[in-house]
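Below you'll find the structure, written out as structure tokens, and then a few comments.
Residue numbers (this note's numbering): 42 to 302.
Structure follows, in structure tokens:
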């Protein structure tokens, strides 16, 4: 299992290369470390050249610069039914068959927030978790047809150790009070990582720059606390969310693959 020394090494590596090191925000991996094993490889110059993080039947993170940096044989890799693998190591699974094979971009923002803002007929309103849960669920369902999101699931986010009520942000039409867009982010104060989890704009309100506006507002709200902000999403999504984030100053080229049998 992951001991304190290995956790410290993983954290140091994550601070240097967040999007390459893990497929999601650090806290999401940290909460499961007690049940995982880790292998960290280094090149002759002391730089990280590979990482594997795994548990029973699950590969929670795998990347390596070359085949020799992977601690598993092909036979051992074939035993995993759930795999999160960086694009750099995807070729290790050539010839394997998976039921799901999904690419996810993971990019980062550092520095000053962008200047985007919503037009005067809209305003930012901090969400009220006591009264807005159903409205949040409805916004997600409208923006993602077929979504099975529930109020209980959204309410569970309030229990996350990185929950920050100031980072649940509505874009509201001033005249009517209509909720036109929504952004939800989380803030790991210990690490200094903000992570954007949800950004939606109601289908009737798209094309007005509200997506960029709510991302920019979140970045402004974390500017004095975050060393960096990360975001991840389906690379092949028809709504092209990666393009939105890049317009807001996010950078990077890391892609993680979800492979399941």
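In this text, a Cβ means the ideal position worked out from N, Cα and C, and glycines have one as well.
Name the residue from the options whose alpha carbon lies nearest to the alpha carbon of residue i.
i           : options               : result
residue 149 : 139, 302, 56 and 167  : 56
residue 273 : 109, 178, 294 and 182 : 294
residue 260 : 201, 155, 217 and 174 : 155
residue 258 : 234, 277, 210 and 290 : 210
residue 98  : 76, 107 and 87        : 76
residue 157 : 66, 179 and 250       : 250
residue 226 : 106, 206 and 190      : 206
residue 197 : 174, 189, 179 and 80  : 174
residue 212 : 233, 194 and 252      : 252
residue 49  : 71, 101 and 66        : 71
Under the rule that 16 or more other beta-carbon atoms within 10 Å means buried, what is residue i, buried or exposed?
i           : result
residue 230 : exposed
residue 61  : buried
residue 255 : buried
residue 122 : exposed
residue 278 : exposed
residue 283 : buried
residue 224 : buried
residue 236 : buried
residue 127 : buried
residue 86  : exposed
residue 262 : buried
Within a Cβ cutoff of 6 Å, which residues of the same chain sit near residue i, ignoring the five residues on either side of it in sequence?
i           : result
residue 246 : 221
residue 180 : 223 and 241
With DSSP run on the structure shown, which of helix, strand or coil describes residue i?
i           : result
residue 190 : coil
residue 203 : coil
residue 64  : coil
residue 123 : strand
residue 105 : strand
residue 210 : strand
residue 269 : strand
residue 81  : strand
residue 219 : coil
residue 295 : strand
residue 264 : coil
residue 86  : coil
residue 236 : strand
Is there at least one Cβ from chain D nearer than 8 Å to residue i's Cβ?
i          : result
residue 80 : The displayed structure is made up of one protein chain only, and chain D is not part of it.
Residues in the same chain with beta-carbon distance under 8 Å from residue i, minus the five sequence neighbours each way, listed in chain order, please.
i           : result
residue 314 : The structure shown does not extend to residue 314, since the chain is modelled only from 42 to 302, so the question has no answer here.
residue 184 : 241, 242, 243 and 244
Got a sec? Which residues, its chain only, sit under 7 Å from residue i by beta carbon, not counting five neighbours each side?
i           : result
residue 176 : 220
For the structure I just gave you, are there three or more beta carbon pairs, one from the region 267–284 and one from the region 76–96, closer than 8 Å? Judged by Cβ distances under 8 Å, the region 267–284 makes no contact with the region 76–96, as fewer than three pairs qualify.
Count Cβ pairs between the region 102–112 and the region 280–294 that sit closer than 8 Å; are there 3 or more? Output reads no: the region 280–294 does not touch the region 102–112.
Quick one: any contact between the region 156–170 and the region 133–143, if contact means 3 or more CB pairs under 8 Å? With a cut-off of 8 Å on Cβ pairs, the region 156–170 is not in contact with the region 133–143, counting fewer than three such pairs.
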